[in-house]
Amino acid sequence: MPTRDSGVPVLAARSLCLERGGRELFRELSFTICAGQLWQIEGANGAGKTSLLRILCGLSRYGFTGQVERFAPLLYLGHQSALKALLTPRENLAFHVSGEGCYGDEQIESALARVGLYGYEDVASHTLSAGQHRRVNLARLLLSDATLWLLDEPFTAIDKAGVDELQALLASHVAGGGAVVMTSHQALDVSCDVRYLNLGTGLAA
Amino acid sequence: MPTRDSGVPVLAARSLCLERGGRELFRELSFTICAGQLWQIEGANGAGKTSLLRILCGLSRYGFTGQVERFAPLLYLGHQSALKALLTPRENLAFHVSGEGCYGDEQIESALARVGLYGYEDVASHTLSAGQHRRVNLARLLLSDATLWLLDEPFTAIDKAGVDELQALLASHVAGGGAVVMTSHQALDVSCDVRYLNLGTGLAA
Amino acid sequence: MTPPGAVQFCIRLLRRQLLLAVRRPLEIGNPLLFFAMVVALFPLGLGPTPETLAGFAPGVLWITALLSNLLTSDAVFRSDFEDGSLEQLLLAPQPLFMSVLAYIGAHWLTTGLLLAAVSPVFALMLNLPAQAIVALVASLLIGTALLSLIGGIGAALTVGLKRGGMLISLLILPLYMPVLIFGSAAVQAAVGGFPVGPYLAILGAMLCLAIALAPLAMAAGLRISIDA
Amino acid sequence: MTPPGAVQFCIRLLRRQLLLAVRRPLEIGNPLLFFAMVVALFPLGLGPTPETLAGFAPGVLWITALLSNLLTSDAVFRSDFEDGSLEQLLLAPQPLFMSVLAYIGAHWLTTGLLLAAVSPVFALMLNLPAQAIVALVASLLIGTALLSLIGGIGAALTVGLKRGGMLISLLILPLYMPVLIFGSAAVQAAVGGFPVGPYLAILGAMLCLAIALAPLAMAAGLRISIDA
Amino acid sequence: MWPIFHKFGSPPWLYAIAGAILRWLLPITLLALVTGMVWGLLFTPSENVQGNSYRIIYIHVPAAVVALAGYYVMALAGAVSLIWRMKMADVAMKAAAPVGAALTFVALFTGAIWGKPTWGTWWVWDARITSMLILLFLYLGVVALYEAFDNKEAAGKACAVLSLVGMVNIPIIYKSVDWWYSLHQGASIKFTGETSIHPSMLYPLLLMIAAFYALFTCALLLNMRAELLQREQRTQWVQKLLSKDVVN
Ligand code: HEM
Ligand SMILES: Nc1ncnc2c1ncn2[C@@H]1O[C@H](COP(=O)(O)OP(=O)(O)OP(=O)(O)O)[C@@H](O)[C@H]1O
Ligand SMILES: Nc1ncnc2c1ncn2[C@@H]1O[C@H](COP(=O)(O)OP(=O)(O)OP(=O)(O)O)[C@@H](O)[C@H]1O
Ligand SMILES: [Mg+2]
Ligand SMILES: [Mg+2]
Chain A
6 MPTRDSGVPV LAARSLCLER GGRELFRELS FTICAGQLWQ IEGANGAGKT SLLRILCGLS
66 RYGFTGQVER FAPLLYLGHQ SALKALLTPR ENLAFHVSGE GCYGDEQIES ALARVGLYGY
126 EDVASHTLSA GQHRRVNLAR LLLSDATLWL LDEPFTAIDK AGVDELQALL ASHVAGGGAV
186 VMTSHQALDV SCDVRYLNLG TGLAA
Chain B
6 MPTRDSGVPV LAARSLCLER GGRELFRELS FTICAGQLWQ IEGANGAGKT SLLRILCGLS
66 RYGFTGQVER FAPLLYLGHQ SALKALLTPR ENLAFHVSGE GCYGDEQIES ALARVGLYGY
126 EDVASHTLSA GQHRRVNLAR LLLSDATLWL LDEPFTAIDK AGVDELQALL ASHVAGGGAV
186 VMTSHQALDV SCDVRYLNLG TGLAA
Chain C
3 MTPPGAVQFC IRLLRRQLLL AVRRPLEIGN PLLFFAMVVA LFPLGLGPTP ETLAGFAPGV
63 LWITALLSNL LTSDAVFRSD FEDGSLEQLL LAPQPLFMSV LAYIGAHWLT TGLLLAAVSP
123 VFALMLNLPA QAIVALVASL LIGTALLSLI GGIGAALTVG LKRGGMLISL LILPLYMPVL
183 IFGSAAVQAA VGGFPVGPYL AILGAMLCLA IALAPLAMAA GLRISIDA
Chain D
3 MTPPGAVQFC IRLLRRQLLL AVRRPLEIGN PLLFFAMVVA LFPLGLGPTP ETLAGFAPGV
63 LWITALLSNL LTSDAVFRSD FEDGSLEQLL LAPQPLFMSV LAYIGAHWLT TGLLLAAVSP
123 VFALMLNLPA QAIVALVASL LIGTALLSLI GGIGAALTVG LKRGGMLISL LILPLYMPVL
183 IFGSAAVQAA VGGFPVGPYL AILGAMLCLA IALAPLAMAA GLRISIDA
Chain E
131 MWPIFHKFGS PPWLYAIAGA ILRWLLPITL LALVTGMVWG LLFTPSENVQ GNSYRIIYIH
191 VPAAVVALAG YYVMALAGAV SLIWRMKMAD VAMKAAAPVG AALTFVALFT GAIWGKPTWG
251 TWWVWDARIT SMLILLFLYL GVVALYEAFD NKEAAGKACA VLSLVGMVNI PIIYKSVDWW
311 YSLHQGASIK FTGETSIHPS MLYPLLLMIA AFYALFTCAL LLNMRAELLQ REQRTQWVQK
371 LLSKDVVN
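Protein chains in written order, with the working numbering: chain A, 6 to 210; chain B, 6 to 210; chain C, 3 to 230; chain D, 3 to 230; chain E, 131 to 378.
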């Protein structure tokens, strides 16, 4: 992973407002995410966390007001896993549609081993359990080069040991000059500072 | 909810063995679940929790050995929500395919209100957020009459307040003579006794 | 609260399926459109002289009905499988072979019945003689019900397959053939002025057989598929 | 590690799509089977005299090719949409209009190319004169590529619709028509001993136009669909 | 009755018994095939209308007859598997499908080859031929359905349902095509040459039919043995068998 400078802005949102189904989800939301920061978006079910992440990464382009500027390559993991059921985890990573670098076989194997899928590299993905399925996606975090990670409930279906490892990974990414914006209903237990963005109550540094 | 006798067996499993993809997941698993008990199935990702639940409820019929006897009506909530995206939460409950009783409109409304979906009764389900989506299913727990609940990771995508309410609901079901078998990677914090079935290490009373 | 009886549950499922269909009006209109398009394509592909067209008309109309049924059959249980509803249906206390009849009934109401209802328009477009139109509608009404039942078996057997693709068309097209033959023969007989009754009677007999046996096959197929 | 270039990424996607196709051999065999079945249905529906059959053959073969293309087009982006891959594709740094070409290319290789390759067998079964077979294969090769591109536009526009369903056939069937007309005309010309070149030239010109424009339409369609 | 039934449910027993049958059936089959072939091709008179091309009958007719019978064997095995939940019936059914498909293909292929000199065309939409084509699709459907399932136990049950449904349909299909054809066309081509067939041509034909039945049985048993080994690869008796083979 290349070293990156902390404190450089990687994403800036300016006066975002979103209304969904007649309910105002957030209003005049402005913030800047810098390298070296870990943000957790909080809010009850239906608060608009997923909607906000999709706006930040650029998938939502209509129906909201405000601007988003992106200054660095980003990686988005949504509720859906983007895995093909018929491909093996190895193939899923090697042929991934997100257009990232071309990974060698050893890189992929070691990433899969690190997320606990040693021995499952070559089974069809649809035979994986729910948690194993999500873990394949976490291997992307190990492989990727992107500065900014946008993660929507990355702990879903992951067991306790997996959650601990993932938190350590997030902390080390942030320490290496990356930035993370994530949602989760669990409290984080990481070694770095966490900034909170509460969609119910507004920004909290 | 009719009162039920505690201590009556509602489900008995005898010497269940399962092998998946060349790995033995569990072997000679025998246990009896009685009314008034809350069981949590534990195990790392891929330990076989979901597979076990599907065997217990009768959906898996091939590929394992052993017997399961069921003595009471059961309700199974799996990873998938069984909600039709085009129907509203109200319609989803009223026309539910699980063949339970015919609920009146007020019953459904009050159940939806209790799971925090007041005001969302009549929007299309595909516009619900991930957590709201799962909450519709939790409303089935409030409506159902089944003695035995088999719940596969019921806390997924539910926010903190929701998890607390759900735990209270589980405890009250058990106190009323029901039985619950559930999986979760979170530790339970309920007012009743919890029995653990760890698929890594075996039974633990 | 006791669970609803089998018939009551069947009606509930039928209402659910129809409600779902109404929520996707395009899905309903689609077989019709497909019908219209294929009927429009035929003259383009075959050369448009009216006399030749009239000769083909019974066959073309019936083949189109069959294809549009084939295309929609795959979806009868698919979405319920994908969102987990099918699991819940299998766990329901009511007998499964009755429940699946509701699915087939809804499928027929939203495809076969509609097709039969609009077929006279297309028949006229293809210059089918007027005296054959009653035979066309009647044979389509019975025949499409039969097709829906057969298609349901294929759908039930293939719904859980990850690697199945559209295997369903391989499985059920051979079974469709007798329906096609008697259906188009009925219309052709009417065009030629021969009695249509025997053909319709045979179709009716096949329908009775299918109503009795297909639900059992579908129920067995679904229980197997969920475990694929 | 720098992301792969547009062409390299395109090749990676193509390999991915082909691998997925190979994992579902039934899906590949299916258009062929569909072809076989429909070719078998026509004589059943229309009456089996060899002379009449030979007259239909060009039209029937072309209509079947078109239908089987139509049926498979809907799925080009569907599964990627449903499992979230499409979101990831849209976020990729490579230009989307090139990436979609890989999808279309894979679709054509697994449907159109195969159909064209096996079509002589069915042509013989329908008694198509031997001199028309080259024209049939050539017109199918170009024509199915065109159909895949057109079908891709429809698929991109409708993939995100919850209530869209098979709307796609309504959108793209009209665009298919010119292809059908020139394609079957080419074969009919060959049967009659007339030159086939002009028809193929027109199909080729249409193909060039489609290769230039369809990817742009598809890319725009996908970006809109993902936000539906 | 029940003890035998139990034995049929036991893979090692079935494997052994199939091996024993094959030991004498395989040579007999080969002998019958060669005899019938030589007899039919070299020692029967040539036909006055068709010349020598009719000799393909010695493959065509046996293949067609056995292909049809094979479907009933398969469907029967399917019924047993569904009703008595006997896993070995699944094995028989799974083994029968590709053999039947191959025979059907042979019948179609030889028929088409024969059709060219006699009717001047490869293909005709006649009742028998059309239902044969459909039979091929039914067989292929069973093969494909089996392959598409990951859980092979479930695959067996699904194929059993499918082959039973197909069995109900085969007579219907045959009748319908027959009727349809006779309605549209006068009887322009008739196969019912049996009455006119000369005994010198008939006897080798009967021999060939018997040989094809035996061939079908052999292929079925061989297939079943292979399938049994694969299914039971982790059990003790297969391990023992394999290690014995390695030692030998
Ligand atoms: C692709 C073309 C053909 C197919 C699929 C086909 C199929 C069949 C079938 C299924 C049978 C056995 C039916 C039974 O068990 O009763 C049969 C028998 C027979 N076929 Fe063919 N056939 C074809 C072409 C031909 C041709 C070209 C000839 C000769 C002109 C021919 C002559 C016969 C005769 C003589 C018999 C036995 C007599 C009988 O059982 O009626 N077949 N064929
Ligand atoms: N169809 C299948 N074929 C082969 N193996 C399978 C199949 N389905 C599941 N498995 C394997 O069975 C094991 C158990 O899966 P299961 O879904 O029961 O796990 P789980 O305990 O629920 O895990 P999680 O916590 O991730 O949900 C996994 O290792 C998985 O790879
Ligand atoms: N397509 C849509 N049309 C209308 N309303 C929508 C649509 N999608 C989402 N919503 C509404 O927007 C709100 C926010 O949804 P979102 O998915 O962003 O919530 P969330 O914070 O991610 O919730 P969760 O914790 O449950 O995942 C919800 O109330 C939902 O009903
Ligand atoms: Mg969310
Ligand atoms: Mg699980």
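All residues carry an ideal CB built from backbone N, CA and C; glycine is no exception.
| Item | Value |
| --- | --- |
| Would you please verify whether the beta carbon of W255 of chain E is less than 7 Å from any beta carbon of chain D? | yes |
| Exposed or buried, which one is W214 of chain E when buried takes at least 16 other CB atoms within 10 Å? | exposed |
| So if I threshold CB-CB distances at 9 Å, which residues from the stretch 158-174 of chain B count as touching chain A? | E158, F160, T161, A162, I163, D164, K165, A166, G167 and V168 |
| Just how far apart, CA to CA, sit V102 of chain C and D85 of chain C? | 17 Å |
| Could you check if Y105 of chain C is buried or exposed, using at least 16 other CB atoms within 10 Å of its CB as the buried criterion? | buried |
| Give the secondary structure of S115 of chain A by DSSP, where H, G and I count as helix, E and B as strand, and everything else as coil. | helix |
| Per DSSP, what kind of secondary structure is A184 of chain B in: helix, strand or coil? | strand |
| For a minimum of 3 consecutive residues, which ranges assigned as the beta strand (DSSP E) are wholly contained in the stretch 57-112 of chain A? | 69-75 and 79-82 |
| Could you tell me which residues DSSP pairs with L43 of chain B in its beta bridges? | B:V185 |
| Below 8 Å on the Cβ atoms is my guess for D164 of chain A versus N203 of chain B; work out the distance and round it to an integer in Å. | In fact, because the Cβ distance is near 12 Å, the residues do not count as touching under 8 Å. |
| Closer than 6 Å: is that where the CB of R25 of chain B sits relative to any heavy atom of ligand 2? | yes |
| Where V123 of chain D and W252 of chain E are concerned, what is the direct C-alpha to C-alpha distance, given to the nearest angstrom? | 11 Å |
| Measure the alpha-carbon distance for P159 of chain B versus R200 of chain B and round it to whole angstroms. | 17 Å |
| So the candidates are B:A99, B:A135, B:L156 and B:H190; which of them puts its Cα closest to the Cα of P5 of chain C? | B:A99 |
| Determine the direct distance from the alpha carbon of I186 of chain E to that of S103 of chain B, and round the result to whole angstroms. | 59 Å |
| Taking the C-alpha atoms as reference points, what is the distance between G301 of chain E and D220 of chain E? | Before going on, a small fix: residue 301 of chain E reads as Pro here, not Gly. Cα to Cα, P301 of chain E sits roughly 24 Å from D220 of chain E. |
| By Cβ distance below 6 Å, which residues in the same chain neighbour H314 of chain E in space, the five residues on each side in sequence not counted? | Low confidence applies to H314 of chain E: its pLDDT is 40, below 50, so where it sits in the model is not reliable enough to give any reading. |
| Report the rounded CA-to-CA distance for L336 of chain E versus L117 of chain D, giving the unit in angstroms. | 41 Å |
| Does the beta-carbon of P95 of chain C have 16 or more other beta-carbons within 10 angstroms, so that it is buried, or is it exposed? | exposed |
| Would you say A227 of chain E reaches chain C, if we count a Cβ-Cβ gap shorter than 7 Å as a contact? | no |
| Report the rounded CA-to-CA distance for E324 of chain E versus Y333 of chain E, giving the unit in angstroms. | Because E324 of chain E sits at a pLDDT of 45, beneath the cut-off of 50, its placement in the model cannot be relied upon, and the following sentence gives the value as read from the coordinates. So the alpha carbons of these two residues sit roughly 12 Å apart. |
| Between the stretch 61-72 of chain B and the stretch 105-114 of chain B, do at least 3 Cβ pairs fall closer than 8 Å? | no |
| Run through the stretch 134-191 of chain B for me and flag every whole alpha helix (DSSP H) of 4 or more residues, listed as ranges in chain order. | 135-148 and 165-180 |
| Does ligand 3 have a heavy atom nearer than 6 Å to the CB of T132 of chain B? | yes |
| To the nearest angstrom, how far is the alpha carbon of V9 of chain C from that of M100 of chain C? | 8 Å |
| Give a single yes or no on whether T55 of chain B has its beta carbon closer than 6 Å to a heavy atom of ligand 2. | yes |
| In the stretch 74-158 of chain D, which residue ranges form an unbroken alpha helix (DSSP H) of at least 4 residues, counting only runs that do not cross its ends? | 80-84, 87-93, 98-112 and 114-127 |
| Report the rounded CA-to-CA distance for Q90 of chain D versus E277 of chain E, giving the unit in angstroms. | 32 Å |
| Could you tell me the distance, in whole angstroms, from the CA atom of L159 of chain D to the CA atom of T93 of chain A? | 30 Å |
| Using beta-carbon positions only, say whether Y269 of chain E and A227 of chain E come within less than 7 Å of one another. | yes |
| With a threshold of 6 Å on Cβ separation, who are the neighbours of L80 of chain B within its own chain once the five nearest residues in sequence on each side are excluded? | S149, A151 and W154 |
| Apart from the five residues on each side of it in sequence, which residues of its chain come closer than 7 Å, Cβ to Cβ, to G223 of chain D? | I155, A158 and L159 |
| Mind listing the chain A neighbours of L22 of chain D? Cutoff is C-beta to C-beta under 8 Å, in chain order. | K89, L91 and L92 |
| By DSSP's criteria, I38 of chain A is part of a beta bridge. Which residues make up the other side? | A:L16 |
| Let me check understanding here. Comparing Cα to Cα, which of E:G296, E:P141, E:W244 and E:Y184 lies closest to M204 of chain E? | E:G296 |
| Which word fits P197 of chain C, buried or exposed, when buried means at least 16 other C-beta atoms lie within 10 angstroms of its C-beta? | exposed |
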